[in-house]
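Asker:
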């Protein structure tokens, strides 16, 4: 679970909600995809006007006038209950003047007892604690052709970042012929904007105030493809902020984090126990980062300003839990104790690769660590990624270094290799045995090592024996072995059929089939793609009375970003199979043209991995 500092779901129902800026869910990317997709015709957002009255301290009062027309029956279930979330500690929210308007103009009010408040569903997540509440208006007598009309008033009690205002808005899932955003602020405050699909309109303001107005220009929207980069990178959106640049955002983070990474006696004692005998700063940094990710569990407590202000390193160490800011703060303190300077780095852990030109917090939803002297990025929250490597979602991202305010970029790729070596033997009685050794290297090593923390030598259905290797170990290589035994259908059979993936293992065929399920056949947007290498070497031996009549042909496929090679050799009575897939993109995302080339390559790869090898009795 990535950290939730500055959420990608910045605008769910109430774009300016503090909590919306704090909370992210596993479905946040899907939410944005829905927002950016071709409009849903079941309903029309006839009016969505949001007026923000911004105060000098960064707080704001928002009034939202919303009217939704129900075009078809499916929209009734979707829209008849309107929910709006807010942070009960930092803001208030009221739904006023809500009613169902019939085609003849008759209004059916929402009774006061049908405006309910409840705890957010996310509160059941035991790794997340926040003040999120939801108010729901239950509209009566809703039928096709009706309009749902309401006004929402939301007031901030305290600004997320003192003295600063920010907002991220995307067009709704439905057609929105009139979506208007009005920002009214003191004449002495600047408002910066990065607009795509939103048009600035001139508007008058009261004396001592100034106003900015943006309207969404409804147009033909491109479908947002599955697995594409974030809609924040490619779709219509409006980002506004009173912060002049990302250096101002970094300074705001540092003010909240001031003194939190102090080196206490407890921190120093822990650091010395971890780094004892370590050879040099890099070895120490990796040991400390690994200790944090292994011993501090992920729990996010977002009460009050907890979403943007970390807890102290001592508190995190004592409690043994925290969110990503807390992990980064503890690691910063441990590194400082070892004489190694570091800085928190604000990053998007989703599929957004490009920061808006305006410094708003909505896209920066995670905190990692950067060690300048080692040019080393570390994600101490990533339980299954060893220090020295990064999760795929952290690669090739712009980051904001909070201590300097500078922008930097994480590595675009890193070593990731899996080698599967198998010996497949069928004896004269029809019994078979597969001994398969998997060696994971680079970033893949810790992922394989920690797939099952409770793993040990065990049997599965009395056919498979797994030797998981050193699951408590470390390093950039991990080896585990499995032995599979079984019986072929009939020892007197006239032939033995083996599919290539049966003998070689499922690594490559699994790669192709699972990713193909979420891949689009054609693309107009870039998509995240990983640099990786998977190699399978297989030795097949069958009884002497059987012989493979025809070897499968060799395969050699190559594009600018992807290679696949396979060869089949006869060595006496044995058959040797060697398959290798290598993805080597220069970035952590690929272009639509590269996607087209990959689709063609993967189709031929699939044909090779499902090839049938028939051994006939002589």
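Residue numbers (our numbering): 1471 to 2088. Cβ coordinates follow ideal geometry from the N, Cα and C atoms, glycine included.
In the DSSP assignment, find the beta strand (DSSP E) that holds residue 1803 and state where it starts and stops.
Answerer: It is not in any beta strand (DSSP E) - residue 1803 instead sits in the alpha helix (DSSP H) that spans 1794 to 1807.
Asker: Whole-angstrom Cβ separation of residue 1611 and residue 1528, contact assumed at under 8 Å?
Answerer: No, residue 1611 and residue 1528 are not in contact; Cβ-Cβ is about 42 Å, not under 8 Å.
Asker: Extract the residue ranges of the alpha helix (DSSP H) inside the region 1527 to 1569, only unbroken runs of 4 or more that lie entirely within it.
Answerer: Listed in chain order, they are 1544 to 1549.
Asker: DSSP three-state call for residue 1683: helix, strand or coil?
Answerer: Residue state, collapsed to three classes: strand.
Asker: Quick check on residue 1892: does DSSP put it in helix, strand or coil?
Answerer: Strand, per DSSP.
Asker: Are the Cβ atoms of residue 1864 and residue 1915 separated by less than 7 Å?
Answerer: For residue 1864 and residue 1915, no; Cβs fall outside 7 Å.
Asker: Within the continuous beta strand (DSSP E) that includes residue 2021, where are the two ends?
Answerer: Neither: residue 2021 is in no beta strand (DSSP E) and is coded neither H nor E.
Asker: Out of curiosity, what's the CA-to-CA distance linking residue 1587 and residue 1954?
Answerer: Roughly 56 Å separates the two Cα atoms.
Asker: In the DSSP assignment, the alpha helix (DSSP H) including residue 2077 goes from what residue to what residue?
Answerer: Per DSSP, residue 2077 belongs to the alpha helix (DSSP H) from 2062 to 2079.
Asker: Leaving out five residues before and five after residue 2087 in sequence, what residues of the same chain have Cβ atoms less than 8 Å from its Cβ?
Answerer: Only 1963, 1964, 1965, 2015 and 2016 meet the Cβ criterion.
Asker: Start and end of the alpha helix (DSSP H) containing residue 1754?
Answerer: Taken as a continuous stretch (DSSP letters only), the alpha helix (DSSP H) holding residue 1754 covers 1751 to 1765.
Asker: Are residue 1699 and residue 1823 close, meaning C-beta to C-beta below 7 Å?
Answerer: Cβ atoms of residue 1699 and residue 1823: closer than 7 Å.
Asker: Rounded to whole angstroms, what's the CA-CA distance from residue 1685 to residue 1525? Just pull it up for me.
Answerer: Between residue 1685 and residue 1525, the C-alpha separation is close to 22 Å.
Asker: Would DSSP call residue 1956 helix, strand or coil?
Answerer: Residue 1956: strand per DSSP, three-state reduction.
Asker: How would you call residue 1669, buried or exposed, if buried means at least 16 neighbouring beta carbons within 10 angstroms?
Answerer: Classification for residue 1669: exposed.
Asker: For the beta strand (DSSP E) that contains residue 1784, what are its first and last residues?
Answerer: It is not in any beta strand (DSSP E) - residue 1784 instead sits in the alpha helix (DSSP H) that spans 1783 to 1789.
Asker: Decide if residue 1957 is buried, meaning its Cβ has at least 16 other Cβ atoms within 10 Å, or exposed.
Answerer: Label assigned to residue 1957: exposed.
Asker: List the whole-angstrom C-beta distance separating residue 1654 from residue 1536, where the pair is believed to meet the contact cut-off of C-beta under 8 Å.
Answerer: The Cβ separation is near 19 Å, so there is no contact.
Asker: Could you give the residue range of the alpha helix (DSSP H) that holds residue 1704?
Answerer: 1701 to 1704 is the extent of the alpha helix (DSSP H) around residue 1704.
Asker: Which first and last residues belong to the alpha helix (DSSP H) in which residue 1738 is found?
Answerer: That run of the alpha helix (DSSP H) goes 1735 to 1745.
Asker: Would you identify the three-state DSSP class for residue 1612, choosing helix, strand or coil?
Answerer: Coil.
Asker: Would you say residue 1704 and residue 1637 are within 7 Å of each other, going by their C-beta atoms?
Answerer: Not in contact: residue 1704 and residue 1637 (Cβ atoms no closer than 7 Å).
Asker: In chain order, what residues of the same chain have a beta carbon less than 6 Å from the beta carbon of residue 1806, not counting five sequence neighbours either side?
Answerer: So the list reads 1733, once near-sequence residues are dropped.
Asker: Can you give the beta carbon distance from residue 2003 to residue 1887, rounded, assuming they're within the 8 Å contact cut?
Answerer: At roughly 4 Å, the Cβ-Cβ gap stays under 8 Å, so residue 2003 and residue 1887 are in contact.
Asker: Around the Cβ of residue 1994, are there at least 16 other Cβ atoms within 10 angstroms (buried) or fewer (exposed)?
Answerer: Answer is exposed; the Cβ neighbour count stays below 16.
Asker: I'd like the list of long-range same chain contacts for residue 2036, defined as Cβ closer than 6 Å, with 5 residues on each side in sequence excluded.
Answerer: The residues are 2025, 2049 and 2078.
Asker: Which first and last residues belong to the beta strand (DSSP E) in which residue 2003 is found?
Answerer: Residues 2002 to 2011.
Asker: With DSSP collapsed to three states, give me the class of residue 1722.
Answerer: It is helical.
Asker: I need the straight-line Cα distance from residue 1873 to residue 1831, nearest angstrom please.
Answerer: Cα to Cα, residue 1873 sits roughly 17 Å from residue 1831.
Asker: Run the CB neighbour count on residue 1539, radius 10 Å, all protein chains shown included, and call it buried at 16 or more, exposed below.
Answerer: That one is buried.
Asker: Skipping 5 residues on each side, what residues in its chain have a beta carbon closer than 6 Å to that of residue 1715?
Answerer: Contacts found: 1829.
Asker: Checking the sheet assignment: what are the DSSP bridge partners for residue 1588?
Answerer: According to DSSP, which records beta bridges pairwise, residue 1588 is partnered with 1604.
Asker: By the three-class DSSP mapping on this structure, what secondary structure does residue 1919 have?
Answerer: Residue 1919: helix per DSSP, three-state reduction.
Asker: How about the region 1622 to 1630 and the region 1553 to 1563: do they share at least three Cβ pairs that are nearer than 8 Å?
Answerer: Flag = yes, the region 1622 to 1630 and the region 1553 to 1563 touch.
Asker: If you draw a straight line from the C-alpha of residue 1795 to the C-alpha of residue 2056, how long is it?
Answerer: Going from the Cα of residue 1795 to the Cα of residue 2056 covers about 30 Å.
Asker: Between residue 1819 and residue 1912, what straight-line distance do the alpha-carbon atoms span, to the nearest angstrom?
Answerer: Approximately 20 Å, taken between the alpha carbons.
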